[in-house]
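First comes the structure, then the notes that go with it.
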Amino acid sequence: MRDQHDNIVQQIINSNNNVVLRGVVDASPLADLIGFHAVISLPNDLMHDFNEGVCRQLLMAMLKEASTKRILTYSEIESRLLSFEYSINDKSNKPPVIRKKHLKKGKIVGTASQQMLLFKLFPIIFYDIIDRL
Numbered sequence: 010m011r012d013q014h015d016n017i018v019q020q021i022i023n024s025n026n027n028v029v030l031r032g033v034v035d036a037s038p039l040a041d042l043i044g045f046h047a048v049i050s051l052p053n054d055l056m057h058d059f060n061e062g063v064c065r066q067l068l069m070a071m072l073k074e075a076s077t078k079r080i081l082t083y084s085e086i087e088s089r090l091l092s093f094e095y096s097i098n099d100k101s102n103k104p105p106v107i108r109k110k111h112l113k114k115g116k117i118v119g120t121a122s123q124q125m126l127l128f129k130l131f132p133i134i135f136y137d138i139i140d141r142l
């Protein structure tokens, strides 16, 4: 990927910067920094990596573990999520209910903000089973 990006930048430079190729408009202004490369030196994307990645996987693993250990059924999980009272500050990011079909497919739905809120509130919603997971 690094070589491909370098080739695109070189094509742009050779065309006197009059063209945009694959979203690249010019060499990165940071390209002269020691150890920096535009493709491999970018910061992590917290929303995609953590909220929609790690949090989603941990939530799914805990919910599936609760079901596998017969601590809660999928219906009981859904019921808890439906009946939980979100505070006024959290209502705008209230996650959609995780239904049986989502658990079976291993897919938690919702935006990054909704998933982060569910991750944050998981120990409160499922307070009585946390120590058994």
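So for the sequence shown, the numbering used here puts the first residue at 10; every next one is plus one. Glycine included, every Cβ here is placed at the ideal spot set by N, Cα and C.
Option in the options with minimal Cα separation from residue i
| i | options | result |
| --- | --- | --- |
| Y136 | K103, G119 and L81 | L81 |
| K113 | I133, N23 and A70 | A70 |
| H7 | L72, F131, C64 and R89 | The structure shown has nothing for residue 7, since the chain only spans 10 to 142. |
| K116 | L67, S101 and K103 | L67 |
| S76 | K109, S37, L127 and A40 | K109 |
| L127 | R89, D140 and S50 | R89 |
| D99 | V118, E87, S84 and L130 | L130 |
| I133 | G119, S101 and S96 | S96 |
| S50 | A40, G32, S101 and D58 | A40 |
| D15 | E87, N25 and V33 | V33 |
| Q13 | E87, N25, D58 and H46 | H46 |
| I107 | I86, F93 and E94 | I86 |
Whole-number beta carbon distance between residue j and residue i, since they are thought to touch under 8 Å
| i | j | result |
| --- | --- | --- |
| I22 | L30 | Incorrect: roughly 11 Å between the Cβ atoms, too far for contact. |
| A121 | E74 | That pair is no contact at about 23 Å. |
| K78 | R141 | 7 Å |
| V48 | A36 | With 8 Å as the limit, V48 and A36 do not qualify as a contact, their Cβ atoms being about 12 Å apart. |
Run of the alpha helix (DSSP H) containing residue i, from where it starts to where it stops
| i | result |
| --- | --- |
| Y83 | Y83 to S92 |
| N27 | First-last for N27: undefined, no H or E at that position. |
| L142 | Premise fails: L142 is in no alpha helix (DSSP H) and is neither H nor E. |
| F131 | A121 to I134 |
| I21 | R11 to N23 |
Classification of residue i by the beta-carbon crowding that lies within 10 angstroms, buried from 16 upward
| i | result |
| --- | --- |
| A43 | This sequence places Ile at residue 43; Ala is not what is there. The residue in question, I43, is exposed, as its Cβ has fewer than 16 Cβ neighbours within 10 Å. |
| I139 | exposed |
| M125 | buried |
| G119 | buried |
| P104 | buried |
Unbroken stretches of the beta strand (DSSP E), 3 residues or longer, contained in the segment 40 to 115
none
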